[in-house]
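S.K.: Please see the structure below; I have some questions.
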Amino acid sequence: MSYSHRIADLQLAERLEAFGAVLIEGPKWCGKTTTAEQMSKSVIKMQDTEMQEEYAATAASKPSLLLMGETPRLIDEWQDAPVLWDAVRTMVDRRQIPGQFILTGSTVVDRSKIHHSGTGRISRMKMLPMSLWESGESNGKISLKELFDNKYLDIDGITSDMKIEDLIYAACRGGWPAFLNMKSDKAKLLIARNYVDAICRDDISRVDGVQRDERTTRAILRSYARNISTLAKNTALLANVTTSGEVSLSMSAFEDYVTSLNKLFVIDNIEAWCPAVR
35 MSYSHRIADL QLAERLEAFG AVLIEGPKWC GKTTTAEQMS KSVIKMQDTE MQEEYAATAA
95 SKPSLLLMGE TPRLIDEWQD APVLWDAVRT MVDRRQIPGQ FILTGSTVVD RSKIHHSGTG
155 RISRMKMLPM SLWESGESNG KISLKELFDN KYLDIDGITS DMKIEDLIYA ACRGGWPAFL
215 NMKSDKAKLL IARNYVDAIC RDDISRVDGV QRDERTTRAI LRSYARNIST LAKNTALLAN
275 VTTSGEVSLS MSAFEDYVTS LNKLFVIDNI EAWCPAVR
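35 is the number of the first residue of the sequence shown in the numbering used here; add one for each residue after it.
Okay, structure coming up:
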């Protein structure tokens, strides 16, 4: 299947021209690795089951060996060996050439495991699931960027080619690139369902090794879904989670779950990273 171009393509190219390394962060399955592979000339996948132990041993003894290869070199799921961050920073300083490495990560790494911030050497960029424009479903006649940048933009009379039923379906399906390979609408919806199941059952505890409750995680995600595009406070979200009486949760425990979901890039406060909406 041919590659579907992403908005992130241009962002990655620009950053590789300016920085020694680029870190692409975002939720699992959103297409980080596939996008990075379009511009990389060598690849190492830290979660390769046949090489995982060998990579871990090398990272523990001499991480610079994992950086050897044609550049830009992609290090996929680098967070499995946090020492690679400092190794990349050191190599960038040594070579003094932009576009050396691309790192991808689906979880936020504990900062205590990293000695240097990477400022000026490693640029961070966020990648999200596909927009309707990227999946070819939107006509792209109205640009969100233009809406913010051009206060005189005339959008009167511009309409979408999608019906309201199509938009509702797309919102339920999500923008996971895997759906592009599927013909059945039901199969596409199963991707989103499976994604939520995996997060609530496994990832919420695996992200930092702390056991958390699947039902509580589902209740919190349901509350966030109800309050999308609102200014709901944590107190309101917690009340929404506990109002049925099926889940009992303190504010500190609620905040712990929220922190973990943020680490997984499952929930996100857009205001925190999008200056245009501040």
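Virtual Cβ for every residue (Gly too), placed ideally from N, Cα, C. Since the structure is predicted, the reported quantities are computational estimates derived from the model, not experimental observations.
Could you check the C-alpha separation between L50 and A42 for me, to the nearest Å?
M.R.: Taking the straight line joining both Cα atoms gives about 12 Å.
S.K.: Consider the C-beta atom of C64 and the heavy atoms of the ligand PLP; say whether any pair is separated by less than 7 Å.
M.R.: As far as ligands go, the structure on display features none, and thus does not contain the ligand PLP.
S.K.: Determine the contact status of T141 and V77, defining contact as a CB-CB distance below 8 Å.
M.R.: Result no, Cβ atoms of T141 and V77 do not sit closer than 8 Å.
S.K.: In chain order, what residues of the same chain have a beta carbon less than 7 Å from the beta carbon of H150, not counting five sequence neighbours either side?
M.R.: Cβ within range, chain order: D120, R123.
S.K.: May I ask which residues mark the beginning and end of the beta strand (DSSP E) holding I78?
M.R.: Unbroken beta strand (DSSP E) run through I78: 76-79.
S.K.: Suppose you measure from the CA of A205 to the CA of R252; what does that come to, to the nearest Å?
M.R.: Going from the Cα of A205 to the Cα of R252 covers about 18 Å.
S.K.: How would you call S257, buried or exposed, if buried means at least 16 neighbouring beta carbons within 10 angstroms?
M.R.: Buried, since its Cβ has 16 or more Cβ neighbours within 10 Å.
S.K.: When you compare the CB positions of A270 and L137, do they come within less than 8 Å of one another, or not?
M.R.: No. Outside cutoff.
S.K.: Below 8 Å between beta carbons: does that hold for T67 and D110?
M.R.: A contact, by the Cβ cut-off of 8 Å.
S.K.: For my contact list, L283 and L272 are in at a C-beta cut-off of 8 Å; report their separation, rounded to the angstrom.
M.R.: Contact flag correct, Cβ pair sits at about 7 Å.
S.K.: Taking R158 as the reference, which of E59, S263, S278 has the closest Cα?
M.R.: Closest option to R158, Cα to Cα, is E59.
S.K.: On the DSSP bridge assignment, give the partners of G139 in chain order.
M.R.: G139 is bridged to E59.
S.K.: Within its chain, find whatever has a CB closer than 7 Å to the CB of A47; leave out the 5 residues flanking it on each side and keep chain order.
M.R.: Closer than 7 Å at the Cβ level, and outside the excluded window around A47, lie M73.
S.K.: Rounded to the nearest angstrom, how far is the Cβ of R246 from that of S294, given a contact under 8 Å?
M.R.: Yes, R246 and S294 are in contact; Cβ-Cβ is about 7 Å, under 8 Å.
S.K.: Suppose contacts are defined by Cβ-Cβ distances below 8 Å. Is N268 in contact with E289 by that definition?
M.R.: Yes, the pair counts as a contact, with Cβ atoms nearer than the cut-off.
S.K.: I'd like to know if the stretch 195-215 and the stretch 163-174 are in contact, where contact means that at least 3 CB-CB pairs between them fall below 8 Å.
M.R.: Yes, the stretch 195-215 is in contact with the stretch 163-174.
S.K.: To the nearest angstrom, how far is the alpha carbon of L181 from that of L162?
M.R.: One C-alpha to the other measures close to 20 Å.
S.K.: Helix, strand or coil for I109? Go by DSSP, reduced to three states.
M.R.: Here I109 sits in strand by DSSP.
S.K.: Pull up the distance between the alpha-carbon of A226 and that of G209, whole angstroms please.
M.R.: Going by the C-alpha atoms only, they are around 9 Å apart.
S.K.: I think V300 touches P61, with their Cβ atoms under 8 Å apart; what is that distance to the nearest whole Å?
M.R.: Confirmed, Cβ separation roughly 6 Å.
S.K.: By the 10 Å Cβ neighbour count, where 16 or more other Cβ atoms means buried, how is R312 classified, buried or exposed?
M.R.: Caution is warranted here: a pLDDT of 36 is assigned to R312, below 50, making its placement in the model unreliable, and the coordinate value is therefore given only provisionally. Classification of R312: exposed, given that the 10 Å Cβ count is below 16.
S.K.: Is it buried or exposed for V244, if we count other Cβ within 10 angstroms and need 16 for buried?
M.R.: Exposed is the call here.
S.K.: In the structure shown, what three-state DSSP assignment does I156 receive?
M.R.: I156 falls in the strand class under three-state DSSP.
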